[in-house]
Amino acid sequence: MGFPTTRMRRLRRTETLRRMVRETRLTVDNLVMPLFVRPGTNEQRPITSMPGQYQWSVDRLVEEVKTLEGLGVPAVLLFGIPDAKDEFGSAAYRPDAIVCRAVEAIKSNCPDICVITDVCLCEYTSHGHCGVVRENRDGVADVENDATLELLAKEACCHAAAGADMVAPSDMMDGRVGAIRQALDGNGHEEAAIMAYSAKFASAFYGPFREAAESAPQFGDRRSYQMDPPNQREALREMALDLEEGADILMVKPALPYLDILQAASERFDVPLAAYHVSGEFAMVKAAAAQGWLDERRTALEILTAIRRAGARLIMTYWAKDAAGWLA
Ligand SMILES: [Zn+2]
Numbered sequence: 013m014g015f016p017t018t019r020m021r022r023l024r025r026t027e028t029l030r031r032m033v034r035e036t037r038l039t040v041d042n043l044v045m046p047l048f049v050r051p052g053t054n055e056q057r058p059i060t061s062m063p064g065q066y067q068w069s070v071d072r073l074v075e076e077v078k079t080l081e082g083l084g085v086p087a088v089l090l091f092g093i094p095d096a097k098d099e100f101g102s103a104a105y106r107p108d109a110i111v112c113r114a115v116e117a118i119k120s121n122c123p124d125i126c127v128i129t130d131v132c133l134c135e136y137t138s139h140g141h142c143g144v145v146r147e148n149r150d151g152v153a154d155v156e157n158d159a160t161l162e163l164l165a166k167e168a169c170c171h172a173a174a175g176a177d178m179v180a181p182s183d184m185m186d187g188r189v190g191a192i193r194q195a196l197d198g199n200g201h202e203e204a205a206i207m208a209y210s211a212k213f214a215s216a217f218y219g220p221f222r223e224a225a226e227s228a229p230q231f232g233d234r235r236s237y238q239m240d241p242p243n244q245r246e247a248l249r250e251m252a253l254d255l256e257e258g259a260d261i262l263m264v265k266p267a268l269p270y271l272d273i274l275q276a277a278s279e280r281f282d283v284p285l286a287a288y289h290v291s292g293e294f295a296m297v298k299a300a301a302a303q304g305w306l307d308e309r310r311t312a313l314e315i316l317t318a319i320r321r322a323g324a325r326l327i328m329t330y331w332a333k334d335a336a337g338w339l340a
C-alpha cells in the first residue's frame, strides 16, 4: 500500500512520536573515554590537534577519572607516554610502567570504573613501531611478529597485575590475543578480559593520535601489520581468529569510515563489538565546528548514534565526557 494511504511522516510529526519509534539508543553506557598519561605531577598538557584533550600526570588523571565516573562514563582506556624510549619499548612492561601507576591510582580512588589499558609498544619504542624491528627477507626494517608477542604478553600481565579490568592489544601482530590470553591465565589473571583491536586498518585518520601519544613511526609506515583499508572479508577473518584465540570483545578501528565492517561483524559474531572513533574523526569535526561550519554537539551525537546503529556496543570516543553530559 503506497501513498496516499501510507504516509511515513505520520510517525515523525512530534518529538514524542519520534522518541517512541526510535530504533537505536545511544546511552552513556556505550561510551569509553581514551586518556593519555605521562610522568610528572600536576600536568595537564593540551594536545593541539585534539582540542579539549590532554596528556595527564597520574594525579590529575585521577581527578579527571573521578569527573568521568560522576558523569556515569563506565570505562576509560589508558595510553602511556613514558619518560624514556628504547628499541624494545622496555618502559611498557616494567611493573612501575606509567600505565601501571595510573591503573593503581585509579583503582584505589575509583574502584568501580572499568579500567582498560592499551597494549602496544609504539608509545614506548624509539622507532615508534608497534613491536621489535628487524630486517625482513627483503632487507627492509620491519616489525618481527613472534619476537613481539612475548613483549606484548609481558605488558598485558603488568597491566593486569596493576589491576586493569581489561587489556586491549592494538598492535595487529598475528597470534597476540592467544599469547596474551595464555600469559594472563598462566600468571593468575584469568579474570582480566581482552578487548582485541581485531580489524585495525592502516588509516590516515590516526594523525592527531600520534601527537597525543608521541608514537609516530620514525621510518616507514604500519602497512605491513595493520589492515589494508579496502578489505572487508579479511577484517571478518581477523575477527574470527581473535575470537578463537580468546578475545572477549572485538573492535573495529577507525569507526565512521568502516561502518560496513561493524555491520557485517554484528551479523556474524555474538560477542560485544567495539568501535574506536579515532582522533582524526574527532579532529575533523572540531576543526569544522571551530569555523562555525558544523554544530559540534549535533554532529557528534549523530556520528556516535550511527556507530551504535552499525552494531557497536562500546565506542571509544574523545567525546565520551561531553556526550555523557549531553545525554544526561
Ligand atoms: Zn602501536
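Under my numbering, think of the first position of the sequence shown as 13, with each following residue one higher.
By construction, the Cβ of each residue, glycine as well, lies at the ideal position given by its N, Cα and C atoms.
Nothing here was measured: the structure is a model prediction, and the numbers come from that model.
Nearest to A180 by alpha carbon, out of V40, F91 and D108? Just measuring C-alpha positions, the residue of V40, F91 and D108 sitting nearest A180 is F91.
Between the segment 160-178 and the segment 213-221, are three or more C-beta pairs nearer than 8 Å? no
Quick check: does the Cβ of D183 come within less than 8 Å of any heavy atom belonging to ligand 1? yes
What do you get for M20, buried or exposed, if any count of 16 or more other CB atoms within 10 angstroms of its CB means buried? Exposed, because fewer than 16 other Cβ atoms sit within 10 Å of the Cβ of M20.
May I ask which residues mark the beginning and end of the beta strand (DSSP E) holding A286? L285 to Y288
Residues in the same chain with beta-carbon distance under 8 Å from L274, minus the five sequence neighbours each way, listed in chain order, please. V264, A267, L285, A287, I319, A322, G323 and A324
Can you give me the C-alpha to C-alpha distance between M207 and V189, rounded to a whole angstrom? 9 Å
Quick one: is the Cβ of E135 within less than 8 Å of any heavy atom of ligand 1? yes
Any heavy atom of ligand 1 closer than 8 Å to the beta-carbon of S227? At a cut-off of 8 Å, the beta-carbon of S227 counts as near ligand 1: some heavy atom of the ligand is closer than that.
So, using beta-carbon positions, are S210 and E256 closer together than 9 Å? no
Residue of L248, L271 and V283 minimising C-alpha distance to D260: V283
With I118 as the anchor, note down where its alpha helix (DSSP H) starts and where it stops. I110 to N121
Please work out which residues of its chain come closer than 8 Å, Cβ to Cβ, to V127, disregarding the five sequence neighbours upstream and downstream, and give them in chain order. Counting only Cβ-Cβ distances below 8 Å, and skipping sequence neighbours, we find A87, V88, L90, V115, I118, K119, G175, A176, D177 and M178.
With a cut-off of 8 Å, do at least 3 Cβ pairs link the segment 298-308 to the segment 18-35? Per the Cβ contact rule, the segment 298-308 is not in contact with the segment 18-35 (fewer than 3 Cβ pairs under 8 Å).
List the DSSP bridge partners of A205. M178
Using the C-alpha atoms, what's the distance from D197 back to A172? 11 Å
Can you check which of these residues, R50, A252 and D334, is closest to I110 by C-alpha distance? R50
Helix, strand or coil for P51, going by three-state DSSP, please let me know. P51 falls in the coil class under three-state DSSP.
Tell me where the beta strand (DSSP E) around G92 begins and ends. A87 to G92
On the CB-based measure, 16 or more other CB atoms within 10 Å of its CB, does V33 come out buried or exposed? Counting the other Cβ atoms within 10 Å of the Cβ of V33 gives fewer than 16, which makes it exposed.
Just the C-alpha distance for N121 and S182, rounded to the nearest angstrom, thanks. 27 Å
Spell out the partners DSSP gives A211 in its beta bridges. V264
Please go through the same chain and pick out, in chain order, the residues whose beta-carbon is closer than 7 Å to the beta-carbon of R24, but skip the five residues on each side of it. R30
From the beta carbon of A109, is the nearest beta carbon of chain B less than 9 Å away? Judged by its chain identifiers, the structure shown contains no chain B, having just a single protein chain.
C-alpha distance - S138 paired with K97, whole-angstrom precision: 5 Å
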